[in-house]
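Working notes, beginning with the structure itself.
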Amino acid sequence: MRKSVIAGNWKMHKSLKEIDIFVENILNSIGTPTSDVVLCAPYVYLPRLLDLTKGTIIKIGAQNMHYEDKGAYTGEVSGEMLKDIGVDYVIIGHSERRQYYNETDNDVNLKTKKALSLGLTPIVCVGETESEKEEFRTEEVVKGQILVGLKNISSDDISKLIIAYEPIWAIGTGKVATSNDANKVIGFIREVIKNEFGEKSANEIRIQYGGSVKPDNIKELLAQSDVDGALVGGASLNPNDFLALL
Ligand code: PGA
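Taking numbering that gives the first Met the number 0, the leading residue of the sequence shown gets 0, the next gets one more, and so forth.
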């Protein structure tokens with residue numbers, strides 16, 4: 000049985016004060032959710048979040064990392080540094096990074112392998128654009144992203160990572176994939192994993208849906224057989240919404 004994972008992706012949002020209030024609110028009412036809970040925050044806020052959530056069920060993630068441990072890469076943060084401060088998760092290859100910072104499937108591959116080698120859990124994002132969807136190329140696109148992004152990773156390691164299927168047309172738009180469509184694409188991704196890495200990895204790997212997930216649509220999405228949780232942007236910013244998602 001795969002445990003679902005709800006991850007908030009705060010993107011470039013929040014202040015120290017807002018974070019303190021958010022965590023206080025969440026910890027007051029979180030109880031014992033059935034899912035793993037992750038908050039992915041801007042780098043500068045990670046130490047504060049790690050402090051505030053220490054010893055709780057909330058795990059902390061970054062939104063990106065560099066694949067080298069150190070070096071002359073002005074402005075970058077390495078996976079090794081994330082590990083050093085106690086971060087557990089890292090989003091890799093989010094569509095906004097692919098779109099605005101030209102990240103390629105090859106970069107995704109280097110980062111994912113490095114994250115796994117450090118014991119960080121990568122949340123690897125894949126998904127098609129609106130025009131690719133209209134051209135019925137969704138499967139071809141996500142398969143390509145997976146074959147290159149997860150190249151040369153062992154079957155054992157594959158089950159340790161998380162894939163987030165995020166159709167780009169659904170991110171921040173309010174347009175959500177139907178639960179049936181999300182389940183179909185995620186089922187297809189599981190099939191690709193099975194063919195490449197074997198049945199055990201396919202059964203164990205957790206695959207989330209992302210893209211305009213809200214308290215009022217999450218239940219139906221998570222009720223689908225292949226959907227193992229959600230990567231949530233907008234609705235993870237408000238503590239009440241985030242609690243409702245959990
Ligand atoms: P959204 O973002 O929930 O605001 O659509 C999801 C994401 O970008 O991970």
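Every residue gets a Cβ at the ideal spot worked out from N, C-alpha and C, and that includes glycine.
Could you tell me which uninterrupted alpha helix (DSSP H) segments, each at least 4 residues in length, are contained entirely in the region 121-155, listed from first to last along the chain? 129-133, 137-148
Leaving aside the five residues before and after residue 174 along the sequence, list all residues of the same chain whose C-beta is less than 7 Å from its C-beta, in chain order. 168, 211
How about residue 93: is its Cβ closer than 7 Å to a heavy atom in ligand 1? yes
In DSSP terms, what residue 6 is bridged to: 37, 230
When DSSP labels each residue in this structure, what does residue 181 get in the three-state scheme? helix
For the pair the region 114-127 and the region 142-155, tell me if three or more CB-CB distances fall below 8 Å. yes
Below 7 Å, is the gap between the Cβ of residue 171 and the nearest heavy atom of ligand 1? yes
Backbone secondary structure at residue 159 - three-state DSSP: coil
Any heavy atom of ligand 1 closer than 7 Å to the beta-carbon of residue 230? yes
Along the chain, where does the beta strand (DSSP E) that runs through residue 18 open and close? Segment 15-28 is the alpha helix (DSSP H) holding residue 18; no beta strand (DSSP E) there.
Closest to residue 275 by C-alpha separation, out of 158, 239, 244, 90, would be which residue? Lying outside 0 to 245, the shown extent of the chain, residue 275 is not represented and no answer is given.
Any contact of the region 39-47 with the region 61-74, i.e. 3+ C-beta pairs under 8 Å? yes
Give the single residue among 128, 71, 222 whose Cα lies nearest to the Cα of residue 95. 128
How many Å lie between residue 220 and residue 71 at the Cα? 43 Å
Would residue 78 and residue 114 be called neighbours here (beta carbons separated by less than 8 Å)? yes
Considering only their Cβ atoms, is the gap separating residue 232 from residue 8 smaller than 8 Å? yes
Leaving out five residues on either side along the sequence, give the residues of the same chain with a beta carbon under 7 Å from the beta carbon of residue 191. 142, 145
By the 10 Å Cβ neighbour count, where 16 or more other Cβ atoms means buried, how is residue 194 classified, buried or exposed? exposed
From residue 133 to residue 107, what does the alpha carbon distance come to, in whole angstroms? 25 Å
Could you check how far apart the C-beta atoms of residue 207 and residue 227 are, in whole angstroms? I think they sit under 8 Å. 6 Å
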